[in-house]
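Numbering (our numbering), first residue to last: 101 to 197.
For every residue, glycine included, the Cβ atom is placed at its ideal position computed from N, Cα and C.
Only a predicted model underlies this, so the values are computations on that prediction, with no experimental measurement involved.
Here is the structure we will look at, set down as structure tokens.
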Amino acid sequence: MQLWPWLLAPNSEASGQDIWVYDTGRDTMTRMTFDGKVNQFPIWSPDGSYIVYGTQEGLSWTRADGAGKPQLLIRTKNTVYPWSPSPPKENGWRIRS
């Protein structure tokens, strides 16, 4: 089983509820969302290249390397929770609402 050297860390103290990545090896935090809105339930994509998370508008994702801007994947008024039991080497997504 591969252990990731990074953890997803929602932080509501200084930035609304933005998503941060905590690098356990360097003991540093990198902010991934900047809109100050409610961003919650972050998960890694199966290949580790994206972070998927719930928003007030639906389901969004952003590149895990910080490049580009977050994009809305699914617009809905319902609360949705990204979910994937797949280890990083497997493909596949599951979305629960």
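Closer than 6 Å by C-beta to residue i: which residues in its own chain qualify, once you throw out the five before and the five after it? Chain order, please.
i: VAL138; result: GLN117, GLN156
i: GLY166; result: none
Got a sec? Which residues, its chain only, sit under 7 Å from residue i by beta carbon, not counting five neighbours each side?
i: ARG175; result: GLU157, GLY158
i: SER160; result: TYR153, PRO170, GLN171, LEU172, LEU173
i: GLN140; result: PRO110, GLN117, TYR153, GLY154
How far does the beta strand (DSSP E) with residue i in it reach, from first residue to last?
i: MET132; result: Element bounds for MET132: n/a, residue is neither H nor E.
i: SER149; result: Careful: SER149 lies outside any beta strand (DSSP E) and carries neither H nor E.
i: ARG163; result: 158–163
i: GLN171; result: 171–175
Report buried or exposed for residue i, applying the criterion of at least 16 other Cβ atoms within 10 angstroms of its Cβ.
i: THR179; result: exposed
i: THR133; result: buried
i: THR162; result: buried
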